[in-house]
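FYI, our numbering numbers position 314 of the sequence shown as 314, with every residue one higher than the one before it. All C-beta atoms in this analysis are idealised placements derived from N, C-alpha and C, irrespective of residue type, glycine included. Note that the structure is predicted; figures quoted are calculated from it, not measured.
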Amino acid sequence: MQLTHRPVISATGLFTPEASISNEELVASFNEYVERYNSQHADAIEAGDIDALQPSSVEFIEKASGIKSRHVMAKEPVLDPEIMSPRWDERSNDQLSIMAEIGVIAARQALERAGRDAKDVDAVLCAASNMQRAYPAMAIEIQQALGIDGFGFDMNVACSSATFGIQTAADYVRAGNAKSVLVVSPEITSGHLNWRDRDSHFIFGDVATAVLVEDAAIAPAQHWDILSTKLKTVFSNNIRNNFGFLNRAHPDTAGNADKLFVQEGRKVFKEVVPMVAQMIIDEAEKLQMDPATLRRLWLHQANAGMNRLIAQRVLGHEADDDESPTVLDTYGNTSSAGSIIAFHSNNDDLKDGDTGLICSFGAGYSAGTVFVRKVA
Ligand code: COA
């Protein structure tokens with residue numbers, strides 16, 4: 001009889017929407033909106049009653065964030081200066097919800113890569129920044145679509161949802177309550193982004209990821225040992241979204257910008273970098289590991305500058321793309337999915353015994369670290 005259960009990552013999956021918006025396309029649409037707004041409100045601007053809107057720029061976006069394009073589920077309405085928000089036909093209750101649909105695609109890929117049959121999975125966690133409805137849980141719909149006999153629930157810790165999901169899944173495995181758990185992160189962030197806000201209109205993109213966490217006893221021969229998981233939260237209003245069931249005003253309505261994503265980007269940058277770097281260093285120390293020996297960092301993908309600084313503090317030198325790969329340039333910030341995309345797309349070349357770190361951080365504040373070691 002096996003007495004201890006050891007959680008590992010068996011495989012990951014990724015769904016990337018076909019449509020992509022370049023900075024050039026995004027800025028052209030935004031600046032058209034600004035021109036129309038300023039000419040419609042010319043008198044009030046002239047009288048000093050309201051401020052003219054300022055145009056955005058491709059150069060600023062690339063320099064400030066490292067983002068060059070982002071994938072979206074609905075390109076046309078986002079770029080239409082009269083709409084500037086994603087739109088899709090409402091689906092009936094008999095149809096798969098849009099979040100479940102993309103989550104299922106990512107989950108199927110993870111299952112396939114692990115050679116796992118859905119009927120052998122025990123639980124589904126839908127871990128994402130936004131859920132498209134209150135209930136039934138997205139996770140249960142995903143569970144049903146995959147044909148999983150077990151349980152599922154949703155969890156939201158903003159950009160850290162996926163790493164919090166991994167620790168939760170790992171804890172179920174450690175406790176012997178599950179042998180195989182899917183952590184699915186469908187992030188349709190285009191829905192919470194204010195595409196009319198110059199400070200943030202370029203930040204987010206849509207995607208879905210899946211991570212299959214399993215007991216080592218049933219995992220495929222090639223997998224990732226989970227050496228440790230560590231979570232941290234510290235309350236902050238610097239990234240906030242007030243949308244919720246206690247307010248009914250549509251976020252598109254004027255004066256309701258706080259019902260979409262808002263942030264004090266500079267403060268976030270300053271406060272989160274040291275918090276996360278220290279958390280990684282402390283956890284490495286607990287593992288009696290020199291953080292400089294980490295072969296690769298798969299960091300949260302919010303801002304290239306933040307990642308540069310965190311990697312430098314952790315590794316003790318400026319990290320190159322091989323040590324700290326970025327997917328920001330093509331995906332933008334995909335909230336909790338970012339570090340998982342980075343991991344999914346950049347781990348094949350690592351060798352047996354190589355160690356790495358999946359790390360996310362964001363609203364809450366929240367941060368999660370998952371130290372892993374390749375078994376190949
Ligand atoms: N185009 C052109 N100029 C712009 C602009 C745009 N789209 N957006 C802002 N600016 C201007 C500002 O008005 C400001 O002008 P000023 O200096 O005359 O006041 C200047 O550029 C600098 O703006 P600021 O917002 O301070 O930029 P920044 O260098 O801090 O970069 C972020 C902005 C958001 C990219 C950056 O702060 C960041 O990524 N922070 C962390 C965000 C994060 O991780 N969030 C987590 C979300 S999950």
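Can you list, in chain order, the residues of its chain whose CB lies under 8 Å from that of residue i, leaving out five sequence neighbours each side?
| i | result |
| --- | --- |
| N23 | V58, I61, E62, I67, K68, S69 and F202 |
| S345 | L14, P325 and V327 |
| S406 | What is shown of the chain runs 1 to 376, which leaves residue 406 out entirely. |
| N194 | S200, H201, P251, A257, L260, F261 and V262 |
| F243 | H192, P251, K259 and L260 |
Measure the C-alpha to C-alpha separation of residue i and residue j and round it to an integer number of angstroms.
| i | j | result |
| --- | --- | --- |
| S339 | L328 | 10 Å |
| A257 | M306 | 26 Å |
| R91 | A284 | 47 Å |
| N93 | M73 | 20 Å |
| C159 | A52 | 33 Å |
| P17 | R133 | 21 Å |
| V370 | V213 | 12 Å |
| A139 | M275 | 31 Å |
| M279 | M131 | 28 Å |
| A304 | D89 | 35 Å |
| N347 | E35 | 45 Å |
| F343 | I358 | 7 Å |
| K270 | A277 | 12 Å |
For ligand 1, is there any heavy atom lying closer than 7 Å to the beta carbon of residue i?
| i | result |
| --- | --- |
| G415 | The question about residue 415 has no answer here: the residues shown for the chain are numbered 1 through 376. |
| R308 | no |
| S335 | yes |
| I242 | Ile is not the amino acid found at residue 242; the sequence shown has Asn there. Incorrect: N242 has no Cβ contact closer than 7 Å to ligand 1. |
| R234 | According to the sequence provided, residue 234 is Val. The question's Arg does not apply to it. It does not: the Cβ of V234 is nowhere closer than 7 Å to a heavy atom of ligand 1. |
| N303 | yes |
| R198 | yes |
| A257 | no |
| G265 | yes |
| I239 | yes |
| I61 | yes |
| C159 | yes |
| F164 | no |
| V184 | no |
| V268 | yes |
| S97 | no |
| S57 | yes |
Leaving aside the five residues before and after residue i along the sequence, list all residues of the same chain whose C-beta is less than 6 Å from its C-beta, in chain order.
| i | result |
| --- | --- |
| Q109 | G13 |
| V27 | S56 and V58 |
| A319 | A311 |
| R113 | A11 |
| L315 | A292 |
When burial is assigned at 16 or more other CB atoms within 10 Å of the CB, is residue i buried or exposed?
| i | result |
| --- | --- |
| I281 | exposed |
| D154 | buried |
| W224 | buried |
| V234 | exposed |
| F30 | buried |
| R116 | buried |
| K119 | exposed |
| K179 | buried |
| G205 | buried |
| T163 | buried |
| A208 | buried |
| Y135 | exposed |
| Q301 | buried |
| T334 | buried |
| T4 | exposed |
Beta-carbon within less than 7 Å of residue i's beta-carbon, same chain only, minus the 5 sequence neighbours each way: which residues are those?
| i | result |
| --- | --- |
| V273 | M306, L309 and I310 |
| Y33 | P81, M84 and R196 |
| A137 | C126, G152, F153 and D154 |
| P86 | V72, M73, A74, P77, V78, S190 and G191 |
Is there a C-beta anywhere in chain D that falls below 8 Å from the one on residue i?
| i | result |
| --- | --- |
| T209 | Absent from the structure: chain D. Only one protein chain is present. |
> Quick one: any contact between the segment 123-135 and the segment 296-304, if contact means 3 or more CB pairs under 8 Å?
Replying inline: no
> Touch check for the segment 43-51 and the segment 183-191: three-plus C-beta pairs under 8 Å?
Replying inline: no
>> Quick test of the definition: if touching needs 3 or more C-beta pairs under 8 Å, does the segment 232-245 touch the segment 88-104?
In response: no
>> Does the structure place the segment 343-357 close enough to the segment 262-269 that three or more beta carbon pairs sit under 8 Å?
In response: no
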